[in-house]
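Chemist: Take a look at the following structure, please.
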Amino acid sequence: MPTDPTPARQDEEQAVLVLRLAGPLQSWGDRSAFNRRDSLPRPTKSGVLGLLAAAAGRPREADITDLVGLRLGVRIDQPGTLLRDYHTVSDYRGRPLPQAGVNAKGVQKPTSPAKDTHVTHRYYLQDAVFVAAVQGPAALVTALAEAIRRPAFPLALGRRSCVPTQPIALGTLRDATLEDVLADEPWQAGEAARNAYRRRAVRAPEPFSPHWINLAATIDDPSGEDSAQDVPRSFAPRERGFSTRRIRHTWLSVPTGLPASATPDRPAREAGGHDPFALLGW
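Residues are numbered in my numbering as their position in the sequence shown, beginning at 1, plus a constant of 9.
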């Protein structure tokens, strides 16, 4: 059965930390194993909590119960494109590669039959931009916001090689829901995507509004119609494990931040509508 993290006490003051997750490469795996490392099209809860734990200087073996209790919402501002990184590995001495198993002395066993080349596939998102909102007790969220600005350990977008661009922290809000925060935060896409949207606004028929864009979002919701198995039990290398959370998928009408002079005035989008080609950038 799916198991959601324990919700925060209702009498605790809540706050929401807003993060901008962007960089040349990102990778958010949830079912990766052995030679294939996949990436989901959006950040996982494990990945976001790992970034927060690194910023706060928590060792891998540290207790993360308080972090697991945070609620998460993710908005896709720029989906990016999928990159496959293909690798072959061989022993420079020309010897057959060892296997993962070890003998009684702890030495890796040779492959049988002998294997001279090891093939791996790693998948990344190129030029993607996400807005993540994390909600929890105000004291904890405020401390995490400060840690993101002065991280104790290097931060990464799913993998160590995926370095984030700045700014990461967009602000801390109180008395706001995850959905409201994600709907109110202006569009964070890059300049190329914004220019493409301007061109669409000029060509599109009524009632297209250049000042609003519909973006896909996924939000923690105990009554959600879907689930994700990405809630970490621990970040300790020998104690890795994940539980399940309920999530809800939705579309949000978000301000683009485009100046009024950039495009002709058009009526605003009707509430609740969405552009079916938004994720494709058409």
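For glycine and all other residues, C-beta sits at the position ideal for the given N, C-alpha and C. Quick caveat, the model's predicted, so the values are computed rather than measured.
Using only CA atoms, which one of L261, A152, L91 and N223 lies nearest to A62?
Modeler: If we check each option's Cα against that of A62, A152 comes out closest.
Chemist: Tell me whether G110, by its Cβ, gets closer than 8 Å to a heavy atom of the ligand SAH.
Modeler: Of ligands this structure carries none, so the ligand SAH is not represented either.
Chemist: Quick check: what's the CA-CA separation for L191 versus V172?
Modeler: Spanning the two alpha carbons is a distance of roughly 23 Å.
Chemist: For the stretch 109–119 and the stretch 71–83, state whether three or more C-beta atom pairs, one from each stretch, are separated by less than 8 Å.
Modeler: Too few Cβ pairs lie closer than 8 Å, so no.
Chemist: Below 8 Å on the Cβ atoms is my guess for L81 versus A141; work out the distance and round it to an integer in Å.
Modeler: Right, the Cβ-Cβ distance comes to about 7 Å (below 8 Å), so this counts as a contact.
Chemist: Assign P276 to one of two classes, buried (16 or more other C-beta atoms within 10 Å of its C-beta) or exposed (fewer than that).
Modeler: Confidence at P276 is low in this model, with a pLDDT of 40, below 50, so its placement is unreliable and the value that follows should be read with caution. When all chains shown are included, P276 counts as exposed.
Chemist: Output the distance between the C-alpha atoms of Q175 and G115, rounded to the nearest integer angstrom.
Modeler: Going from the Cα of Q175 to the Cα of G115 covers about 44 Å.
Chemist: Write down the C-beta distance between G199 and Q35 rounded to the nearest angstrom, noting that I regard them as a contact closer than 8 Å.
Modeler: About 14 Å; that fails the 8 Å criterion.
Chemist: If F139 sits next to L30, beta carbons under 8 Å apart, how far is it from one beta carbon to the other, in whole angstroms?
Modeler: Going by Cβ atoms, the distance from F139 to L30 rounds to 4 Å, so yes, they are a contact pair.
Chemist: Locate the alpha helix (DSSP H) running through G59, then write down its first and last residues.
Modeler: Taken as a continuous stretch (DSSP letters only), the alpha helix (DSSP H) holding G59 covers K54 to A64.
Chemist: With three or more C-beta pairs closer than 8 Å as the rule, is the stretch 88–97 touching the stretch 193–213?
Modeler: The stretch 193–213 vs the stretch 88–97: no contact.
Chemist: How many Å lie between S55 and Y132 at the Cα?
Modeler: Cα to Cα, the separation comes out at about 17 Å.
Chemist: Could you give the residue range of the alpha helix (DSSP H) that holds D235?
Modeler: Taken as a continuous stretch (DSSP letters only), D235 belongs to no alpha helix (DSSP H), being part of the beta strand (DSSP E) at D235 to S243.
Chemist: Can you list, in chain order, the residues of its chain with a C-beta nearer than 6 Å to that of G180? Leave out the 5 residues immediately preceding and following it.
Modeler: So the list reads V27, once near-sequence residues are dropped.
Chemist: DSSP beta-bridge partners for P146?
Modeler: P146 pairs with Q23.
Chemist: Helix, strand or coil for R208? Go by DSSP, reduced to three states.
Modeler: Three-state result, R208: helix.
Chemist: Going along the chain, which residues of its own chain have a beta-carbon closer than 6 Å to the beta-carbon of T90, five neighbours each way excluded?
Modeler: Excluding positions up to five away in sequence, the list reads Q135.
Chemist: Judging by CA-CA distance, which residue of G78, Q144, P33 and T126 is the nearest neighbour of D189?
Modeler: Cα-wise, what sits closest to D189 is Q144.
Chemist: Quick one: is D230 buried, meaning 16 or more other Cβ sit within 10 Å of its Cβ, or exposed?
Modeler: Buried, by the Cβ-count rule.
Chemist: Where T265 and S218 are concerned, what is the direct C-alpha to C-alpha distance, given to the nearest angstrom?
Modeler: Roughly 10 Å between the two C-alpha positions.
Chemist: With burial defined as no fewer than 16 other Cβ atoms inside 10 Å of the residue's Cβ, what is the status of V128: buried or exposed?
Modeler: With fewer than 16 Cβ atoms within 10 Å of its Cβ, V128 is classed as exposed.
Chemist: H258 bridges to which residues according to DSSP?
Modeler: DSSP output for H258 lists T227 as bridge partner(s).
Chemist: Which of the three DSSP states is assigned to T120 in this structure?
Modeler: Coil, per DSSP.
Chemist: So, at 8 Å on beta carbons, what are the nonlocal neighbours of D184 in its own chain, with the 5 sequence-adjacent residues on each side left out?
Modeler: Cβ within range, chain order: Q23.
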